[in-house]
Amino acid sequence: MEMKKIVSIVGSNNKNSVTNLVMFELLNNIKSQNESYEYEIICLSDYNIKYCEGCEVCFKQGFCPIDKKDDFAIIRKKLKEANIIFFASPVYVHNVSGIMKTFFDRFAVSCHLLNFAGKLGFTLTTTYSNGQEKVKLYLKDLQNSIGVKNLNNYVFSRATDSIDEFIETNTKIFFKEIELNYGYTDRYLEKKFNQFKYMYGQIDRKNLSINEINIYEWEYWNQKWIKECRSFQEFAVKNK
Ligand SMILES: Cc1cc2nc3c(=O)[nH]c(=O)nc-3n(C[C@H](O)[C@H](O)[C@H](O)COP(=O)(O)O)c2cc1C
Numbered sequence: 161m162e163m164k165k166i167v168s169i170v171g172s173n174n175k176n177s178v179t180n181l182v183m184f185e186l187l188n189n190i191k192s193q194n195e196s197y198e199y200e201i202i203c204l205s206d207y208n209i210k211y212c213e214g215c216e217v218c219f220k221q222g223f224c225p226i227d228k229k230d231d232f233a234i235i236r237k238k239l240k241e242a243n244i245i246f247f248a249s250p251v252y253v254h255n256v257s258g259i260m261k262t263f264f265d266r267f268a269v270s271c272h273l274l275n276f277a278g279k280l281g282f283t284l285t286t287t288y289s290n291g292q293e294k295v296k297l298y299l300k301d302l303q304n305s306i307g308v309k310n311l312n313n314y315v316f317s318r319a320t321d322s323i324d325e326f327i328e329t330n331t332k333i334f335f336k337e338i339e340l341n342y343g344y345t346d347r348y349l350e351k352k353f354n355q356f357k358y359m360y361g362q363i364d365r366k367n368l369s370i371n372e373i374n375i376y377e378w379e380y381w382n383q384k385w386i387k388e389c390r391s392f393q394e395f396a397v398k399n400k
C-alpha cells in the first residue's frame, strides 16, 4: 500500500484554535476512512518563524539568510516531502492571520520557481461570518503560485456550520476530488510555467542586470532538465 502524506499548515496563535480543531477532525476522519493516508499538522504557533527582512537574497542567491535563525527550513522540508498540502487560516480582520502572512512572505522565491510542482493542494478558511471569500482565494492563489495544483477550498463558518456535518461532507468531497483528479497540472499552471520558461529563456546571461533579472532565478529556469520540459505536467513529474 503506497502511503500518501498530507501536511497541513495551520496559521493561528490561539491555544484553542478553531482552525486547528477543524483541520484535525477532517484529517483524522480522512485517515480513519482510508489507511493509506497519513497526516501531519504543523501549527505555526509551535514554531519560530521570523519576519522576512526584505533583503531579496532568496531571489538573487537562492537561499534565505534567516533560515539559519528560525524554523522555516524545517517546515519547508516537511512540505517538500508531502504529496498533499493544506493551507489553513482563520479570517482575521478580513484577511489571513498575521502568522500565516509571515510564513507566506518566506515563500516568496518559491513563487518564482514553482518548485512545489507535483503536489496536490486544499485550503481551509475558518471565520465567524465574513471575509472568507477573500481569504479562500488568497490561500488558493498561494498554492498555485508555488506550483501546487489546488483541488478544493473549504470554508468553515462558525456562525452557520456544524462541525460534524462539515467533516462528513468535506471528507466525501476530499475523496471525490482525489478520485476525479488527473495529473498535477491545470491551465493556470501551464500558463505560468510557459511564461517563466519563455521570459528567462529569452534573456542572455550577460544582459541580466539590464533586465533586472536575478541570477539564481535565471540559472534555475535555464537548467537543461527544465528547458527540456514541454509542459508543466512534465516539469511536475520530474520535480516530484
Ligand atoms: C483578531 C481576530 C480578527 C477576526 N476577524 C474576523 C473577521 O474579520 N470576520 C469574521 O467573520 N471573523 C473574524 N474573526 C473570527 C475568526 O475568524 C474565527 O473565530 C476563527 O474561526 C478563529 O480561528 P482560530 O481559533 O483558529 O484562530 C476574528 C478573530 C480574531 C481573533
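Using the numbering used here, the first residue of the sequence shown is number 161, and each one after it goes up by one. Backbone N, C-alpha and C define an ideal beta-carbon position, used for all residues, glycine too. Nothing here was measured: the structure is a model prediction, and the numbers come from that model.
Checklist entry - Buried or exposed: where does Asn173 fall if 16 or more other Cβ atoms within 10 Å of its Cβ makes it buried? => result The count along the sequence shown starts at 1 and reaches residue 173 at position 13. It counts as exposed.
Next on the checklist: According to DSSP, Lys202 sits in a beta bridge with which residue or residues?
Outcome noted: Mapped onto the sequence shown, residue 202 falls at position 42. In the sequence on display, residue 202 carries Ile and not Lys. Looking at the DSSP assignment, Ile202 forms a beta bridge with Ile169.
Checklist entry - Would the C-beta of Ser322 count as close to ligand 1, meaning under 6 Å from any of its heavy atoms? => result Stepping through the sequence shown from its first residue, residue 322 is reached at position 162. No; taking the cut-off as 6 Å, the Cβ of Ser322 has no heavy atom of ligand 1 nearer than that.
Item to check | the stretch 231 to 244 / the stretch 273 to 286 touching (three or more Cβ pairs under 8 Å) | outcome: Output reads yes: the stretch 273 to 286 touches the stretch 231 to 244.
Checklist entry - Given 8 Å as the limit, is there contact between the stretch 366 to 373 and the stretch 245 to 255, that is, 3 or more CB pairs closer than that? => result no
Checklist entry - Taking just the CA atoms, how far does Cys203 sit from Ser317? => result Residue numbering aside, residue 317 sits at position 157 when the sequence shown is read from its first letter. Residue numbering aside, residue 203 sits at position 43 when the sequence shown is read from its first letter. Each residue's Cα considered, the two are about 20 Å apart.
Item to check | Integer Cβ distance of Thr287 from Val315, believed to fall under 8 Å | outcome: Counting from 1 along the sequence shown, the entry for residue 287 is found at position 127. Counting from 1 along the sequence shown, the entry for residue 315 is found at position 155. About 7 Å separates the two Cβ atoms, so the contact holds.
Item to check | CB of Thr283 within 7 Å of CB of Leu273, strictly | outcome: The residue you call residue 283 lines up with position 123 of the sequence shown. The residue you call residue 273 lines up with position 113 of the sequence shown. The answer is no: Cβ separation not under 7 Å.
Checklist entry - Beta carbon of Val136: closer than 6 Å to some heavy atom of ligand 1? => result Outside the modelled stretch of the chain, which goes from 161 to 400, sits residue 136, for which no answer is possible.
Item to check | Nearest-angstrom beta carbon gap, Trp381 and Leu356 [assumed within contact, 8 Å] | outcome: What you label residue 356 is simply residue 196 of the sequence shown in a count that begins at 1. What you label residue 381 is simply residue 221 of the sequence shown in a count that begins at 1. It is Phe, not Leu, that sits at residue 356 in the sequence shown. That belief holds up - the Cβ atoms of Phe356 and Trp381 are roughly 6 Å apart, short of 8 Å.
Checklist entry - Looking only at its own chain, which residues have a Cβ that is under 7 Å from the Cβ of Ile323, when we skip the five neighbours before and after it? => result Residue mapping note: residue 323 aligns to position 163 of the sequence shown, counting from 1. Taken in chain order, the residues that qualify are Val182 and Glu185.
Item to check | Helix, strand or coil at Phe246 according to DSSP, with G and I counted as helix | outcome: Residue numbering aside, residue 246 sits at position 86 when the sequence shown is read from its first letter. Looking at Phe246 - three-state DSSP - the assignment turns out to be strand.
Next on the checklist: Helix, strand or coil for Leu284? Go by DSSP, reduced to three states.
Outcome noted: As a position in the sequence shown, residue 284 is number 124, starting the count at 1. Looking at Leu284 - three-state DSSP - the assignment turns out to be strand.
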